[in-house]
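Enquirer:
Protein chains: 2
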Amino acid sequence: MKKIIYPAENEWQEILKRPASFSDMEGIVKEIFKEVKLKGDTAIAKYTSFFDGVSLPDITVSPEEINEAVGLVPEDLKKAIAQAKKNIETFHSAQKTEKIVVETTEGVTCWLEKKPIQKIGLYIPGGTAPLFSTILMLAVPATLAGCKEIMLCTPPDMSGKIDPAILYAANLCGISRMLKVGGIQAIAGMTFGTASIPKVYKIFGPGNQFVMAAKQMATQFGIAIDMPAGPSELLVFADSSANPKFVAADLLSQAEHGQDSQVVLITTSARILEEVKKEIILQLAALPRKKIAEKALENSKLILIGSTQEAIAMINEYAPEHLNICSTEEEYLIDAIINAGSVFIGNYTPESAGDYASGTNHTLPTNGYARNYSGVHLDSFLKSMTFQKITEKGIRNIGKTIEIMAEAEGLQAHKNAVSIRLKSLADEN
Amino acid sequence: MKKIIYPAENEWQEILKRPASFSDMEGIVKEIFKEVKLKGDTAIAKYTSFFDGVSLPDITVSPEEINEAVGLVPEDLKKAIAQAKKNIETFHSAQKTEKIVVETTEGVTCWLEKKPIQKIGLYIPGGTAPLFSTILMLAVPATLAGCKEIMLCTPPDMSGKIDPAILYAANLCGISRMLKVGGIQAIAGMTFGTASIPKVYKIFGPGNQFVMAAKQMATQFGIAIDMPAGPSELLVFADSSANPKFVAADLLSQAEHGQDSQVVLITTSARILEEVKKEIILQLAALPRKKIAEKALENSKLILIGSTQEAIAMINEYAPEHLNICSTEEEYLIDAIINAGSVFIGNYTPESAGDYASGTNHTLPTNGYARNYSGVHLDSFLKSMTFQKITEKGIRNIGKTIEIMAEAEGLQAHKNAVSIRLKSLADEN
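Which chain is which? The protein sequence lines are D and C, in order.
Take the first sequence: its letter number 130 is residue 130 in UniProt numbering, and every next letter is one higher.
Take the second sequence: its letter number 370 is residue 370 in UniProt numbering, and every next letter is one higher.
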């Protein structure tokens, strides 16, 4: 952890630089996309064997496998998942919006209505931590939005299995199609469609750098994605009212995500800075993922700053994925923060609450994308369409305006489409 | 125009295929991006000279140029622009949404709030048709959303000038920074920032294939874009209640956009099909952009179909940018259409109304993107952020759930962030 005391504004950009990732994955992603497009399931099988070390006669998860998974998940975890699911449902269903109808000019009625994206693909990574929580975060709003086909891709382990908690959560959320396929090949499969993987319209979910690069590539083939992504990050703003033990625990919870995670403390209190630093060292010692967290802490900063106002400017410049605010001035901060993915306010609001159970979504813009992207929310599964209906009176009211503008843009046929109607109305009279 | 009578469902995909564009522009886009990143304004000047044939000492539009433009725009056009602007403002300000606040569990309050994207870049193409209407469509909602910096890039003509209607509309909308720069170099400039072009967070606006490829490239550098784009298109669904003259005029208004535009008629009436065909030929003869429209009509289809229900399936499969509905069953159609950018209903609702003046936005998803992308609307200039505040009671209520889920995902530090708070509360009692 690097301690930085009262940095000048011209140093901010350098201080807040995110750890760079240099590996260029375009080549391998292009190659696998090409092969999956050309050879479909044969290519899927080849890369599943290559990357996951397993050959599967059928990649579709069977009802028997789901039943087995349901039996394997402990009761207390089932209860926890149920509470989390309920809160996520409550918060996301409150995000439903009504049709917006406006008569902009007499006889000219315009409306905006959201309709569900019909085919959704969810990607859940494999590996040591089975991210069943992400299934709740994606499948719950997709279902509320009314998406018609929701399918899941997740890589099998070397024995061809999926973690039971993942299958349990997917089944609970009503996902009817679960496929054992991961990595670049899964994203390519959902992009082009194969005999066993349906083509989707939008792909959601986290993944390693290969999966991220593959999702970016998918956009070149007309597929939408939830958002571009980078390593996870947390910024805590704390004044002297903060509890240094809690702050340290929050910073560590983010640091354990991955070696490339970044955690930042900005504080107006020199005492808090020192105490948080001590607490981090104390708490770190007991963590099972200590090695990962230690590595992440190398990229991390403890920053002492002159004023809350300066802190706000710095936070908006950094645009953190997660922002914890532990300050007596929280109202002022909430208003002034423009760029952040999700904000956690007060001493009893750990970031991990939002990761699992409070109801907010944990799929959030990293890497500064909070400047220009939303986190996943109900609207991520919908698209806005507009409608308009113009009466005879309405076209009389705005016809002239359209004619003049179309003519000025040199688009005579655009003008004609109005003139022919106005003439017909004039002829009737 | 190709006439297609009662096509079988397995032929639809082939029939509805959009005209392909084969040119690969990645090489030139990459090269210009690299040079603009490295050399800034020097590269901008080089490519402006190369592509636009003009050398400019200063690319910023001066107050004198704006004053001159204001003087050059005819009064009737000013009035037309004022009416259009008012309607666009009315429809887009109705799209404002309130903060959504929910207590998901006692003591756990979550809310979602939209905040404006701070730095917006608008791109308006040059060429024969000065698209001042697009400035209204982008700058009006950007202003309503509260975006802080809104700037405009548009290419100069060979004498270094911008069309007066463009400068007039931009000035009317309060855009304070207008730059004479176009093409790939403009998009690269807004992506990296140069001495004279500010870096932005999101780029909006139409353009030729080079501009589109450049916008796609910009997303690889963390910049958001309004949406991917292709040639413009219109699908008309007409039953025997339609007016064939009006339908023909609408189809032609879309066909005049560009040689690669596509127009499609789907009708349940053989009579309407024949009459529309005749009318197209009649009306085409008088058009100044006849050559362009003729070329576009080569890609176009007149389809006779067995039922409204079948038509709906075909429309949802095609996902048109613009959809006109002239049918006695309009209510049924409005409900059943899932994939379309903007829908125009009834005999007196020409598509050109939405292009200019009714109030809906004309920046819409083409090329089938209506399946997974929204057209531009107020939210395109905002991003959703979530917030949460948990009380002592709240963390007692959901703490256990978070602990169990974090542990099951193998994330001990996530669990600790809760445990340390629960312990502190227990110690207090």
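Where a beta carbon is used, it is the ideal one built from N, C-alpha and C, also for glycine.
As the structure is a prediction and not an experimental result, all values here were calculated from the model.
Looking only at its own chain, which residues have a Cβ that is under 7 Å from the Cβ of A248 of chain D, when we skip the five neighbours before and after it?
Expert: Closer than 7 Å at the Cβ level, and outside the excluded window around A248 of chain D, lie V276, E279, I280, Q283.
Enquirer: Pull up the distance between the alpha-carbon of S327 of chain D and that of D260 of chain D, whole angstroms please.
Expert: If I take the Cα positions, the gap works out to 28 Å.
Enquirer: Between K277 of chain C and chain D, is the shortest Cβ-Cβ distance under 8 Å, so that the two count as touching?
Expert: Answer no: the Cβ-Cβ gap between K277 of chain C and chain D never drops below 8 Å.
Enquirer: I need the DSSP call for N243 of chain C, collapsed to helix, strand or coil.
Expert: Coil.
Enquirer: What residues match up with W111 of chain D in a beta bridge as DSSP calls it?
Expert: Per DSSP, D:V101, D:F387.
Enquirer: Taking Cβ positions only, does N208 of chain C come closer than 8 Å to chain D?
Expert: Not one chain D Cβ lies under 8 Å of N208 of chain C.
Enquirer: Between N372 of chain D and K2 of chain C, what straight-line distance do the alpha-carbon atoms span, to the nearest angstrom?
Expert: Each residue's Cα considered, the two are about 43 Å apart.
Enquirer: In whole angstroms, what is the alpha-carbon distance linking P399 of chain D and K85 of chain C?
Expert: Reading off the sequence shown, one finds Gly at residue 399 of chain D, where the question assumed Pro. Using only the alpha carbons, I get a separation of about 15 Å.
Enquirer: Compare the C-beta of I124 of chain C against all C-beta atoms of chain D and say whether one is closer than 8 Å.
Expert: It does not; no Cβ of chain D falls within 8 Å.
Enquirer: Considering only the alpha carbon of each residue, which of D:V376, D:G368, D:H362, D:A406 lies closest to Y356 of chain C?
Expert: Cα-wise, what sits closest to Y356 of chain C is D:A406.
Enquirer: Below 7 Å between beta carbons is the criterion; list the residues of the stretch 85-118 of chain D that meet it against any residue of chain C, in chain order.
Expert: The stretch 85-118 of chain D vs chain C, Cβ under 7 Å: N87, T90, F91, A94, Q95, T97, I100, V102, T104, T105, V108, C110, L112, K115, I117, Q118.
Enquirer: Quick one, are the C-beta atoms of K199 of chain C and V61 of chain C less than 8 Å apart?
Expert: No, they are not a contact pair.
Enquirer: Is there a Cβ from chain C that is less than 8 Å from the Cβ of K389 of chain D?
Expert: Yes, contact with chain C.
Enquirer: Buried or exposed: where does G27 of chain C fall if 16 or more other Cβ atoms within 10 Å of its Cβ makes it buried?
Expert: Flag for G27 of chain C reads exposed.
Enquirer: Do K96 of chain C and L422 of chain C have their beta-carbon atoms positioned less than 8 Å apart in this structure?
Expert: Result no, Cβ atoms of L422 of chain C and K96 of chain C do not sit closer than 8 Å.
Enquirer: In chain order, what residues of the same chain have a beta carbon less than 7 Å from the beta carbon of G306 of chain D, not counting five sequence neighbours either side?
Expert: Once the five neighbours on either side are set aside, the close Cβ partners of G306 of chain D are Y6.
Enquirer: Could you work out which residues of chain C lie near E317 of chain D, taking near to mean beta carbons separated by less than 9 Å?
Expert: Within 9 Å Cβ-Cβ: nothing; E317 of chain D doesn't reach chain C, min ~11 Å.
Enquirer: May I ask you to list the residues that DSSP assigns as paired with V343 of chain D?
Expert: D:L323, C:F387, per the DSSP bridge assignment.
Enquirer: Tell me the residue span of the beta strand (DSSP E) that contains E68 of chain C.
Expert: Careful: E68 of chain C lies outside any beta strand (DSSP E), inside the alpha helix (DSSP H) at 63-72.
Enquirer: Rounded to a whole number of angstroms, what is the C-alpha to C-alpha distance between T268 of chain D and E330 of chain D?
Expert: Whole-angstrom Cα-Cα distance: 14 Å.
Enquirer: Under 8 Å between the Cβ atoms of E113 of chain D and K99 of chain D?
Expert: Yes. Within cutoff.
Enquirer: Considering only residues of the same chain and omitting the five flanking positions on each side of L16 of chain D, which have a CB-CB separation below 6 Å?
Expert: The answer, listed in chain order, is Y318.
Enquirer: DSSP three-state label for R271 of chain C, please.
Expert: It is helical.
Enquirer: What does the alpha-carbon distance come out to for the pair E103 of chain D and I150 of chain C?
Expert: Rounded to whole angstroms, E103 of chain D to I150 of chain C spans 28 Å at the Cα level.
Enquirer: Would you call the stretch 27-45 of chain C in contact with the stretch 343-362 of chain C, where contact means no fewer than 3 C-beta pairs closer than 8 Å?
Expert: Contact between the stretch 27-45 of chain C and the stretch 343-362 of chain C is absent, because fewer than three Cβ pairs lie under 8 Å.
Enquirer: Answer yes or no: does any C-beta atom of chain D fall closer than 8 Å to that of M158 of chain C?
Expert: So, not an interface residue.
Enquirer: Where A417 of chain D and P231 of chain D are concerned, what is the direct C-alpha to C-alpha distance, given to the nearest angstrom?
Expert: About 52 Å.
Enquirer: Could one say the Cβ of Y348 of chain C lies closer than 8 Å to chain D's Cβ atoms, at least one of them?
Expert: Chain D, which has a Cβ nearer than 8 Å to the Cβ of Y348 of chain C, makes this yes.
Enquirer: For the alpha helix (DSSP H) that N143 of chain D lies in, which residues bound it at each end?
Expert: Just to set this straight, residue 143 of chain D is Thr in the shown sequence, not Asn. Here the alpha helix (DSSP H) through T143 of chain D covers 132-145.
Enquirer: Please confirm if P130 of chain D has its CB atom under 8 Å from at least one CB of chain C.
Expert: Yes, P130 of chain D lies at the interface with chain C (some Cβ there is under 8 Å from its Cβ).
Enquirer: Using the beta-carbon count (16 or more within 10 Å), is R289 of chain D buried or exposed?
Expert: Burial call: buried.
Enquirer: Using a Cβ-Cβ cut-off of 8 Å (strictly less than) and excluding sequence neighbours within five positions of residue 469 of chain C, which residues of its own chain qualify?
Expert: Because chain C in this structure spans residues 1 to 429, residue 469 of chain C falls outside the shown range and cannot be described.
Enquirer: Give me whichever residues DSSP pairs with T60 of chain C in a beta bridge.
Expert: According to DSSP, T60 of chain C bridges with C:L179.
Enquirer: Between A255 of chain D and the rest of its own chain, which residues show a CB-CB distance below 6 Å, the 5 nearest in sequence each way excluded?
Expert: Result list for A255 of chain D: S261, V263, A293, A296, L297, in chain order.
Enquirer: Closer than 9 Å by beta-carbon distance: list the chain C residues that pair up with F344 of chain D, in chain order.
Expert: Correct list: F387, Q388, K389, I390.
Enquirer: Can you give me the Cβ contacts of A242 of chain D inside the same chain, cut-off strictly under 6 Å, excluding the 5 residues immediately before and after it?
Expert: Excluding residues within five positions, the ones whose Cβ falls inside 6 Å are I272, C326.
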